[in-house]
Amino acid sequence: MPELPEVETIKNALEPYLVGRTFSGVRISDTRPVQRLSLDEFCGGLVGRKITGLSRRGKYLLIGLSGGANLIVHLRMTGALLWNPAEEEPFTRVEFFFDGGRLIYTDVRRFGTMHLTADPNDVVGKLGIEPLSRRFTRKALAGMLKSRSLPVKSALLNQEHIAGIGNMYADEALFVAKIHPQQRADSLTTAQINRLHGAIKQVLKQGIKNQGASVRNYRGPDGSKGRAHEEFCVAHREGRLCPVCGSPVKRIVVGQRGTYYCPRCQRLN
Ligand SMILES: [Zn+2]
Numbered sequence: 004m005p006e007l008p009e010v011e012t013i014k015n016a017l018e019p020y021l022v023g024r025t026f027s028g029v030r031i032s033d034t035r036p037v038q039r040l041s042l043d044e045f046c047g048g049l050v051g052r053k054i055t056g057l058s059r060r061g062k063y064l065l066i067g068l069s070g071g072a073n074l075i076v077h078l079r080m081t082g083a084l085l086w087n088p089a090e091e092e093p094f095t096r097v098e099f100f101f102d103g104g105r106l107i108y109t110d111v112r113r114f115g116t117m118h119l120t121a122d123p124n125d126v127v128g129k130l131g132i133e134p135l136s137r138r139f140t141r142k143a144l145a146g147m148l149k150s151r152s153l154p155v156k157s158a159l160l161n162q163e164h165i166a167g168i169g170n171m172y173a174d175e176a177l178f179v180a181k182i183h184p185q186q187r188a189d190s191l192t193t194a195q196i197n198r199l200h201g202a203i204k205q206v207l208k209q210g211i212k213n214q215g216a217s218v219r220n221y222r223g224p225d226g227s228k229g230r231a232h233e234e235f236c237v238a239h240r241e242g243r244l245c246p247v248c249g250s251p252v253k254r255i256v257v258g259q260r261g262t263y264y265c266p267r268c269q270r271l272n
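Pasting the structure below:
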């Protein structure tokens, strides 16, 4: 599932193709991704508008348009945006046409969403702090974990606290910080919080550097896979050996999410 590093990679890859182009047409073969608007309103709101810039907020991709509109895409489980694919893609749900190019949206599981809105806050207004921004301080992280009795892993996945961390990077950050994913959020020591703060920034930056993780079917806009999963220490590596201590990585379920950790490096306090 695309998380912050994957969406950042998509944004960076699409920027040179899309900025300055004008929508000439939209073809929708599955209405499910289009949220809140009729298909006529959605297509009519895009055609003729020029793309002015791309940005990311949490796991959302924001495509800024002339006239102050925004196309906001969330890829959820299996969504992908592909620029000028050489072959026909199965599971194509929406196609955007431009002068000299085509952007297609494919989605096997069909959980992805698209909003067209003048005010991005309609969609992303409730998101919490960007973990790679200056606002994400040790103190801010401590404030989010304080008086929360749930497992620290579940606290990290709350998008209204920190925006963009999902299952994979939460597991990796907790491993780097040597914290058990089931430790109660409100029981973390200052030293643990400080380690976790650094670990979150580290794993997300490394994920972006490696163009995202293709654990399942993530692809960049040119169809290429990321390399971040090749450097994962625990995420999706059940039974493989911990790179620090050599113990087999274990899989448990925390807050209904498959969770990977090293039972020796990440002990429950
Ligand atoms: Zn270990």
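The working numbering applies: residue 4 is where the sequence shown begins, and numbers increase by one.
Here a beta-carbon is modelled for each residue, glycine too, at the ideal position from N, C-alpha and C.
- Contact annotation, P123 with N73: C-beta distance approximately 5 angstroms; criterion of less than 8 angstroms satisfied.
- Leaving aside the five residues that flank L177 on each side, the residues in its chain whose CB is nearer than 8 angstroms to its CB run, in chain order, V155, K156, L159, H183, P184, L199, A202, Y264, Q269.
- DSSP places V127 in the helix class (H, G or I) of the three-state scheme.
- Taking the CA atoms as reference points, L106 sits about 18 angstroms from R59.
- Here the distance from the Cβ of G249 to the nearest heavy atom of ligand 1 is below 8 angstroms.
- The Cβ-Cβ distance between G128 and M147 does not fall below 9 angstroms.
- Counted as a single uninterrupted DSSP element, the alpha helix (DSSP H) harbouring I203 occupies residues 193–212.
- Annotation for I255: the continuous beta strand (DSSP E) segment containing it runs 253–257.
- Secondary structure at R151: coil, using DSSP grouped into helix, strand and coil.
- For G67, the enclosing beta strand (DSSP E) has its first and last residue at 63–68.
- Around V10, the same chain offers R59, K62, L64 as residues with beta carbons nearer than 6 angstroms, after the five sequence neighbours per side are excluded.
- When DSSP states are grouped into helix, strand and coil, T12 belongs to the helix group.
- Linking T81 to Y221 through their CA atoms gives a straight-line distance of about 7 angstroms.
- Between A238 and E175, the CB-CB gap stays under 9 angstroms.
- DSSP places N73 in the uninterrupted beta strand (DSSP E) bounded by 73–77.
- In the structure shown, G169 falls within a coil segment according to DSSP collapsed to helix, strand and coil.
- Taken atom to atom, the span from the alpha-carbon of I54 to that of G23 is near 5 angstroms.
- Counting of Cβ neighbours within 10 angstroms places A231 among the buried residues, the total reaching 16 or more.
- Boundaries of the alpha helix (DSSP H) around D43: 42–49.
- Comparing alpha carbon positions, the residue from K212, A180, G249, L153 closest to V257 is L153.
- Annotation: the continuous beta strand (DSSP E) that includes R105 extends over 104–110.
- In the three-state scheme derived from DSSP, where H, G and I count as helix and E and B as strand, K228 is classed as coil.
- Per DSSP, G82 is one residue of the beta strand (DSSP E) stretching across 82–86.
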